[in-house]
Amino acid sequence: MSELQQKVALVTGGSSGIGRAIALRLARDGAHVYVHYSKSQDNAERVQKEVEEAGGSAGVVQADVTEEAQVVDMMQQIKKVHGGLDILVNNAGIDIEAEIEHCEYDLWRRILDTNLTGKFLCIKHATPLLKKTTGGVIVNIASRMGTRPCQDIIPYCVSQAGIIMLTKGSALELAKYNIRVNAVSPGLTRTPMTEALCEESVFTGYQERNPLKRLGMPEDIAGAVAFLSSDAAAFITGENIDVSGGILLK
Numbered sequence: 567m568s569e570l571q572q573k574v575a576l577v578t579g580g581s582s583g584i585g586r587a588i589a590l591r592l593a594r595d596g597a598h599v600y601v602h603y604s605k606s607q608d609n610a611e612r613v614q615k616e617v618e619e620a621g622g623s624a625g626v627v628q629a630d631v632t633e634e635a636q637v638v639d640m641m642q643q644i645k646k647v648h649g650g651l652d653i654l655v656n657n658a659g660i661d662i663e664a665e666i667e668h669c670e671y672d673l674w675r676r677i678l679d680t681n682l683t684g685k686f687l688c689i690k691h692a693t694p695l696l697k698k699t700t701g702g703v704i705v706n707i708a709s710r711m712g713t714r715p716c717q718d719i720i721p722y723c724v725s726q727a728g729i730i731m732l733t734k735g736s737a738l739e740l741a742k743y744n745i746r747v748n749a750v751s752p753g754l755t756r757t758p759m760t761e762a763l764c765e766e767s768v769f770t771g772y773q774e775r776n777p778l779k780r781l782g783m784p785e786d787i788a789g790a791v792a793f794l795s796s797d798a799a800a801f802i803t804g805e806n807i808d809v810s811g812g813i814l815l816k
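If you read the sequence shown in the working numbering, its first letter stands for residue 567, the second for the next number, and so on.
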């Protein structure tokens, strides 16, 4: 419970799926966790309640991460209460099927703005808060599709590749402030979002192809994030950790 004691963490997109699991894990490890949401206040407050019922500490914050003014306001809310921030987990994102030939420009922008620009804005405006701590941490949630394209979701793949490079570039620039920046790239993980996108046969096929013969679960991703947020990873920065059960080996 004490690994992240007295740390303050912000998890964007923390109201469901992978974000929820990350928020619960960081709180279990001792951090005060801010559960960010864009529209689903009820879900965010439900996660807050889960944290508190387990003996942890949490709050909720709202922002559209594609709107810079809202991101600034969110960071100012945290600064007003805590003075700084120890851990930023950039998890908010969307996955929408779109072939290049038929992808409308507005949809392209929506995917890139949410998945990539939103992370840039959160990093930019969290950095002054992270600099106030003895060693800030940023973990960006990317995807294995950032290194291996998949047809019908190329805009999503492009956004994930951008996240990986944003991670490496930010790690290089922010190292002088003792801020570490890493990414975690899940494989197919069973979440409300993927269940809405995928037929059950997709999950079954992935499980059969996976060397470990199972699907990823949100808790698997949360474990990697907790490690990167801890002092055990104090000499790791600029890395992209694949958490896919070894699917990239095939």
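Beta carbons are placed, not taken as given, at the ideal position from N, Cα and C, and that holds for glycine.
Note that this is a predicted model, so its numbers are computed, not measured.
Applying the criterion that 16 or more other CB atoms from any shown protein chain within 10 Å of the CB defines a buried residue, is residue 623 buried or exposed?
-> exposed
When burial is assigned at 16 or more other CB atoms within 10 Å of the CB, is residue 686 buried or exposed?
-> buried
Secondary structure at residue 675, three-state DSSP: helix, strand or coil?
-> Per DSSP, reduced to three states, the secondary structure at residue 675 is helical.
Please report the residue range of the alpha helix (DSSP H) in which residue 721 lies.
-> 720-740
Identify which residue in 589, 575, 627 and 734 has its Cα closest to the Cα of residue 605.
-> Measuring from the Cα of residue 605, the nearest candidate turns out to be 627.
Keeping to the same chain, check which residues put their C-beta closer than 6 Å to that of residue 807; ignore five residues upstream and five downstream.
-> 750 and 790
Minimum C-alpha distance to residue 814 - residue among 583, 585 and 712 = It is 712.
Rank 640, 655 and 590 by C-alpha distance to the C-alpha of residue 621 and give the top, closest one.
-> Measuring from the Cα of residue 621, the nearest candidate turns out to be 590.
Indicate the three-state DSSP secondary structure (helix, strand or coil) for residue 639 in the structure shown.
-> helix
Within the stretch 579-645, note down every full alpha helix (DSSP H) run reaching 4 residues or more, in order along the chain.
-> If we require 4 residues or more, the alpha helix (DSSP H) runs fully inside the stretch 579-645 come out as 583-594 and 607-619.
8 Å contact criterion, which residue 760 and residue 784 should meet: CB distance rounded | Between residue 784 and residue 760 the Cβ distance is about 10 Å, and since that is not below 8 Å, they are no contact.
Whether residue 666 touches residue 673 by CB criterion (8 Å) | no
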